[in-house]
Every structure is written in C-alpha cells, then in structure tokens.
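Q: Protein chains in written order, with my numbering: chain V, 109 to 402; chain W, 10 to 416.
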Amino acid sequence: MNHATPASVPLSPSPKKKFPLMLVPSALWFAIFLIIPILIVMSLSLLHKGSYGRIEFTLDFSNYARALEPVYLKIILRSLWLATYTTGLCLLLAYPLAYLMARSRPRTRKILLALVVVPFWTNFVIRIHALKLIIGETGLLNQILTELSIITRPLQMTDNAFGVGMGMVYNYLPFMVLPLFVALEKLDFTLLDAAYDLGASRLQSFFRVLFPLSMPGIVTGSLFVFIPAFGEFVIPDMLGGSQSMYVGNIITETFLKSRDWPFGSALSTFLVLLAMVAFMIVLSRENKTQGAKF
Amino acid sequence: MTETLALDFENVSKSFAANSDKSSAINVVVDSLSMQVRKGEFFSVLGPSGCGKTTTLRMISGLETPTSGTIRMSGRVVNGVHPHKRNVHTVFQKYALFPHLNVFENVAFGLRMKKVSSEQIKRRVNRMLEMVRLETYADRMIQQLSGGEQQRVALVRALVNEPEILLLDEPLGALDLKLREQMQVELVAIQKQLGTTFIFVTHDQGEALTLSDRIAIMNRGRIEQIGTPTEVYEHPASIFVAKFVGTSNVFEGTSEFESNSQGASFVAIQTSLGRLRAKFHNGNTRFHPRDVPSAALIVRPEKIRVRVTSPSGESGSADLNSVRGTLVERTYFGPTTQIKLKINDQAAPLIALIANQASVKAPTLKLGEKYYAVWDPGDSIIVPSDARVAAALDAPISQPLGSTATA
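(1) Starting from Asn-258 (chain W), follow the beta strand (DSSP E) in both directions and report where the run begins and ends.
(2) Kindly indicate which three-state DSSP category Thr-211 (chain W) falls into: helix, strand or coil?
(3) Going by the DSSP bridge assignment, what does Asp-17 (chain W) pair with across the sheet?
(4) Please check the pair Ser-257 (chain W) and Ile-226 (chain W), which I expect to be a contact at CB under 8 angstroms, by giving their CB distance rounded to whole angstroms.
(5) Quickly, what does DSSP pair Ala-225 (chain W) with across the bridge? List them, please.
(6) What's the gap between the Cα of Val-241 (chain W) and the Cα of Phe-52 (chain W)?
(7) Chain V partners of Met-82 (chain W), CB-CB under 9 angstroms?
(8) Out of W:Ser-43, W:Leu-72, W:Phe-266, W:Leu-184, state which residue places its alpha-carbon closest to the alpha-carbon of Gly-307 (chain V).
(9) In its own chain, which residues sit with a C-beta less than 7 angstroms from the C-beta of Ser-352 (chain V), not counting the 5 before and 5 after it?
(10) If we call anything under 9 angstroms between Cβ atoms a contact, is Phe-275 (chain W) one with Pro-393 (chain W)?
(11) Measure the C-alpha to C-alpha separation of Gly-196 (chain V) and Phe-209 (chain W) and round it to an integer number of angstroms.
(12) Please look up how many angstroms separate the CB atoms of Thr-205 (chain W) and Leu-168 (chain W), rounded, as I've assumed it's under 8 angstroms.
(13) Rounded to whole angstroms, what is the Cα-Cα separation between Ile-389 (chain V) and Ala-147 (chain W)?
(14) On the DSSP bridge list, what partners appear for Asp-178 (chain W)?
(15) Give the interface partners of Pro-92 (chain W) over in chain V, defined as CB-CB distance under 7 angstroms, in chain order.
(16) Take Leu-220 (chain W) as the anchor and find which of W:Thr-239, W:Glu-233, W:Phe-342 has the nearest alpha-carbon.
(17) Once you ignore the five residues that flank Ala-291 (chain V) on each side, which residues in its own chain have a CB closer than 6 angstroms to its CB?
(18) Below 7 angstroms on C-beta distance, what does Met-137 (chain W) contact in chain V?
(19) Any contact of the segment 173-191 of chain W with the segment 119-139 of chain W, i.e. 3+ C-beta pairs under 8 angstroms?
(20) How should Ala-115 (chain V) be labelled, buried or exposed, when 16 other C-beta atoms within 10 angstroms of its C-beta is the threshold for buried?
(21) Please report whether the beta-carbon of Gln-351 (chain V) lies at a distance below 9 angstroms from any beta-carbon of chain W.
(22) Which residue's Cα is closest to the Cα of Trp-384 (chain W): W:Lys-288, W:Pro-92, W:Ser-41?
(23) Report yes or no: is there a C-beta of chain V within less than 9 angstroms of the C-beta of Gly-182 (chain W)?
(24) Would you tell me roughly how many angstroms separate the C-alpha atoms of Glu-293 (chain V) and Met-209 (chain V), rounded to the nearest one?
(25) On the DSSP letters alone, give me the boundaries of the beta strand (DSSP E) that Lys-351 (chain W) sits inside.
(26) So Ala-308 (chain V) contacts chain W; which residues on that side make the cut at Cβ distance below 7 angstroms?
(27) Since Ile-199 (chain W) and Leu-16 (chain W) are thought to touch, with beta carbons under 8 angstroms apart, how far apart are those beta carbons, to the nearest angstrom?
(28) Helix, strand or coil for Met-150 (chain W), going by three-state DSSP, please let me know.
(29) Hey, is Leu-299 (chain V)'s beta-carbon within less than 9 angstroms of any beta-carbon in chain W?
(30) Quick check: is any heavy atom of the ligand GDP less than 8 angstroms from the C-beta of Ser-373 (chain V)?
(31) Near Leu-281 (chain V), which residues of its chain fall below 7 angstroms by C-beta distance, leaving aside the five closest residues on each side in sequence?
(32) Sorted by chain position, which residues of the same chain lie with C-beta nearer than 8 angstroms to Asn-20 (chain W)'s C-beta, five sequence neighbours on each side aside?
(33) Out of V:Asn-279, V:Phe-334, V:Ser-392, which has the shortest C-alpha to C-alpha gap to Asn-231 (chain V)?
(34) By the 10 Å Cβ neighbour count, where 16 or more other Cβ atoms means buried, how is His-297 (chain W) classified, buried or exposed?
(35) Given a cut-off of 9 angstroms, decide if Gln-279 (chain W) and Ser-268 (chain W) are closer than it, judged by their beta-carbon atoms.
(36) Taking C-beta pairs closer than 9 angstroms, name the residues in chain V that Asn-365 (chain W) reaches, listed in chain order.
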C-alpha cells in the first residue's frame, strides 16, 4: 500500500541550490563593472579601426595578428619579465618581514603592520615622486654618496630599468607582505620545534615545513603582485624614462594617442587571457596540493 | 657508573629576561636542578603548570640552553649542543604533526633528515606503524585522523629515530579519559618493549603514579622530591609533594622529640589541636627535631579511622593521634566514602577516606555530628615546613646512585 520507501523520500526539500540574496550586490557589481566591460573590450578587439579613431563594425582578426608581431611580442615578454622579477623580489623582501611580524609580540606586530600600511595613506603618484626625490639624479641618495666621496658622479638610478624595478618593488611590497603575514600568523610554530627535534637544520626546516605551509600566502601574494605588475604603466612612465615601454604603456598609448581602440582592445584581451592562464595554473596546482591546506 | 645514566642534570638553572617591557628583571624558571635518569627508565617530571617542567624538557631536547650548570647524556656534556646533534626526540604537547605531510611522511621525516636510504625508511616506518596498528593509515593526511591516532603517529614519529631518550610533553593531555587510559597502557608496553628511556612531563599526578618507574616532583623551578611512586606517595618529602600527589591532611607546628615508657621514639608536632605524633624512624621522619624546629605532620585520608567515641582507654591507645571535629561533608565514591571533619576554627577541614566495609559504616555518619579522627603514629609523616630544607634532606635518600650529588 505504502510504496514510499525511505530512500525515495528526498532528504532535502529541493536539490536545486538557492541563489543567496546577499550575493546580489557583489554579483551586480561584478557584472556591470567587470564582466560587461571585458566583454565590450573583447568585442572591440574583433572590429576594424576607421579614420579619426572611429570604429567600423566589420569583423577583423588582424588586431591579434598585429599583437603577435615581434615588436609587440617583445614588449609583452619584457612586461612578463618585469612582473616576474617584481614578484620574486617582493617575495624575497616580504617573507622575512612577514615572518618577523608573525612571531613578534602583539605590540611590535601592530607597529610593523602600521609601517607596512602607512604608505597607502599617501597618493600613489606622490609616493612615486617621493621615491624620485630619493633615488633621482640629484636625489638624496646620490647627494649623500657624493658627500661621503663614495662616488664622484651621481648614479643613474632613474629613467632606466633599475628605476622601474625600484618603483615596482616599492609600490607592490605591501601586497606581498599582507597575505604572507596572514598565512604565517596562523601557523603553529611548534612545528618548527618539531622539525628541529627530528634533526632538521634551520634551512631544512624552512624548506620542508615553513615554506610549504605558507604556500597559500605565497600564492595569494604573488598573484596580488604579478597580475597588476604585468599591466603597470604609471611607474615605467615616471621612473623608466622615454625609452621604457611596457605593455601597459603601449595600451594606454594605443587608446589615447593613436586612438586605435580595436588594437588596444586586442592587447588588453591578450593581457586578460595571460593573467587568467596564470591564475588557472596556480589554482590547479593549489587543488592538487589540497592536503597542504589546513 | 656513568654509563648507566641516560641523563644527568647537575645544578642546572635557566632564567629568562622578564617578559615585560619596563623591568629588566630576570625570571628564574629552573633553579639549580639536579637529577639523574637511568637508562631504560620511565621517568616522570611532575608539577603544576609554570613549575619549569617544560623548560626542563626543552633543555634536554636542546631547544633551550641552560644558563648555568651541566647536562650530561650518557656521560657526555651536551650544553649548547644543537637538537639535531643529540639523540633525543620529543612527543609534543599538541603533537605538532606536519599538516602538509601524510602519516608515512610524518613518521619518515626524521629519517629523511638523516639521509637514510629510502628502502630502509620504508621498512622502519612501516614497522613502527605496525607497532601502533596504523599500517593501513600510511597515506592518510593528519587532519583525517582522530586524536588517539594522531597521538600514536606523534609517538612513532619520534621513536622511529631510535632515540636514546624520548621526551613526552604532556602527550595525553588532549585526549579524553578513556582514550587516555588506553594510551597509558600502550605507552608503558611500548617503553618496556623498546627499552628506551622515557622522560614524561605531566601535571597529572595520577598519570605519573601509574606510569613511572620514578617521579621527580617540581615546584617553582626546583625539584622537591625524586622517588618511586610508592616513595613519593607514602613518604612525601615536603608539604607541597604531600598536597600535590594525592590528598593530604597537613598540620603545621613546632616539632619536638619524644619517647614513651616502652622506649619508642616519636616526633611530636605541637599544633593548635594539641600534640600529634609520628614514629621517629627513617621514612616517616628524616631529621631530628632539634635541627628543624618548624615542621608539619602529614597524614593520608585513607590512614584515618573515624570513631564515635574517644579512643583513649583502649589498649595501646596512648600514642594514637586523635582529633575531634564536626562532619561537614560526606561524598560516596562506591568502594569508599570521603568525609570532611571541621575541627575547631581550622580553615581546611580534615579529610578521611573510609573503606565501605569498615566497622563504622560511612552512610550511618550524620552531618553536623561530632566524630573522632584517629590514626597511628606510624602512618604520620613529618616534613620540614620549609621546602628548601625538605629538598636538602631528600637529596641523600632519593639519589640511590650515590654520585656527586651534594646534600
């Protein structure tokens, strides 16, 4: 009579997941200000440039072919290299600092944290100018070194790749420090004692225990630095001199000076795709080492 | 002589700069500690939290360096020797297992550091996992294990390195009662099987009594007594030991020498409750009253009999200790009943533990009524009131190895 076995009764009222209401604002935000603009840029990249910066609505793949020309490819590679070494240097500088912060007493930790965050209170462009005052040709550093007779002629630290690197590391360091600090702060440092106890040297304890366990922080920090650094154009503009060309500069110039929106869009799409690929690689690696998270 | 010693502490002290920004005071955590641990011994360091036992452990493992004194292992001075150069391994309080490694790799960690060949690692790790019945868990991650399983992984992660000394820092603290008892049995079995010297740090006196060959009782950075569980329980050397290990009734006062007409000698403590006596012989009293005037008489609750009438007039009752008090609390434990007698204006009530087959049936005792607590002078212990005096007196008796210890 009663054919309903317990197994046939659905345990939850509906298997269909409800869309949580509190996600609506952020979803709208993402749709309007991120997804739609990207879609617009992507569609623009497939169109043809008319005269006087007008856009002709004819399908045209030549923008991509142009983006892959050696001139541009070289610039993209240069930007990749810039983003890579910025990320690497930031990691090298930020790790000891984040470690120190995580292991210091609450009071010291607060002070250190403030020192990392305080530069954000000043406008980005002003900060870069301030850096110029220090490392510029007549800057503070050169003056001191000259006064001390360590050098006779001022060192060329701006208007070249060195200046760009300085500016990049200076600006992006906090984005590396903060995620690293968050990851290290949660870490149980008796694990290091355990490693020493089991015969690991300091170096071995670092590479076998501390480093793998802080991987989530390293990955997040690296993404936070790498992705914006790849498209950065203000710092090369201000500290790299007229010769400095990175993909960000090309894009701004294409849009604003040559008014070639389709080509600019193609370069931008390229950038977005590269960032996405990098992100996917990292994510898939993260998933493989799921066990490493805790 | 020395090669029978796994560990020898000689006047070891450790102090830290006080943990406050203003003062530059020095915090003495371990204060001229001397102890000797024999090879193959299950040795416990027992004390309340903050007594310096964890610091002592860290000095053995090499994670801390003593401020002064000498630590020897198998006769070799190891002060300042880095952890990885000592053959000592630790089971940490909260296990400190590596969450990014699986069970096998956790256990293999120490061997990998020593560059042991991978086939040997495989063999030794698997043998250890079999010993604690975790051989099928080799591929699991740590967070997939229960508390008891993690505990066993932590144990074999240290043991696989075949340490001379295995340190255990309150390893059972995080387990629930039943699991803890199970692990206690397992720990002792493994220790006997491997013959490794175990140094076990705990604040749980029951655990220390059950597991250990010998116990060192620590208080405020000093050792108050070292002895077998029986010695420590039956003949505590100080008031602290008496109170920390088990329950004790303590009566402080001035001590006097006394002898009766039959020629028996006693130490009598003159307290506000009158004279209480202990037999004067080694074990019950370790000093002559003229040397230590300020002393305390200690009696364990289970040595006390509770009477309705005064024992005076009974045969051989002349030397019995007897105090009278009001029954204020009665707790039924099943095989025993614990009662508390409030005596005059004494703050701490007297505690007696009565076996429930005794002539006076505990349940018939009425709250608010007055009873006599009676015990034999042979069941009383006299200790100096001053812990330092007690420690000095304890030294020659409880260091049966007869080495350089100064009394």
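Glycine is no exception: its CB is placed at the ideal position from the N, C-alpha and C atoms.
A: So, to answer that:
(1) 258-268
(2) Look at Thr-211 (chain W) here: in three-state DSSP terms it is strand.
(3) W:Gln-45, W:Arg-81
(4) Actually they do not touch by this definition, with Cβ atoms about 13 angstroms apart.
(5) W:Val-54, W:Ile-235
(6) 13 angstroms
(7) Within chain V, no residue comes near Met-82 (chain W); the closest Cβ sits about 15 angstroms away, beyond 9 angstroms.
(8) W:Leu-72
(9) Val-272, Pro-344
(10) no
(11) Looking at the backbone, the Cα of Gly-196 (chain V) and that of Phe-209 (chain W) are separated by about 46 angstroms.
(12) 7 angstroms
(13) When rounded, the distance between both Cα atoms is 29 angstroms.
(14) Asp-178 (chain W) is bridged to W:Val-210.
(15) Tyr-304, Asp-305
(16) W:Thr-239
(17) Ser-322, Pro-324, Gly-325
(18) Those within 7 angstroms of Met-137 (chain W) in chain V number zero; the least Cβ separation is about 13 angstroms.
(19) No, because fewer than three Cβ pairs between the segment 173-191 of chain W and the segment 119-139 of chain W fall closer than 8 angstroms, the two stretches do not touch.
(20) Confidence in Ala-115 (chain V) is poor, its pLDDT being 44 and thus under 50, which makes the residue's placement unreliable; the coordinate value appears in the next sentence. Exposed, by the Cβ-count rule.
(21) no
(22) W:Lys-288
(23) Chain V places no beta carbon closer than 9 angstroms to that of Gly-182 (chain W), leaving this residue out of the contacts.
(24) 8 angstroms
(25) 345-351
(26) His-93, Met-122
(27) Actually they are not in contact, since the Cβ atoms of Ile-199 (chain W) and Leu-16 (chain W) sit about 19 angstroms apart, beyond 8 angstroms.
(28) strand
(29) yes
(30) The model on display carries no ligand, and the ligand GDP is accordingly not part of it.
(31) Taken in chain order, the residues that qualify are Cys-198, Leu-201, Ala-202.
(32) For Asn-20 (chain W), where only same-chain residues beyond five positions count, the Cβ hits under 8 angstroms are Ser-41, Leu-42, Ser-43, Ser-77, Gly-78, Thr-79.
(33) V:Asn-279
(34) exposed
(35) no
(36) Ordered by position in chain V, no residue passes the 9 angstroms Cβ test against Asn-365 (chain W), which lies about 46 angstroms from the chain.
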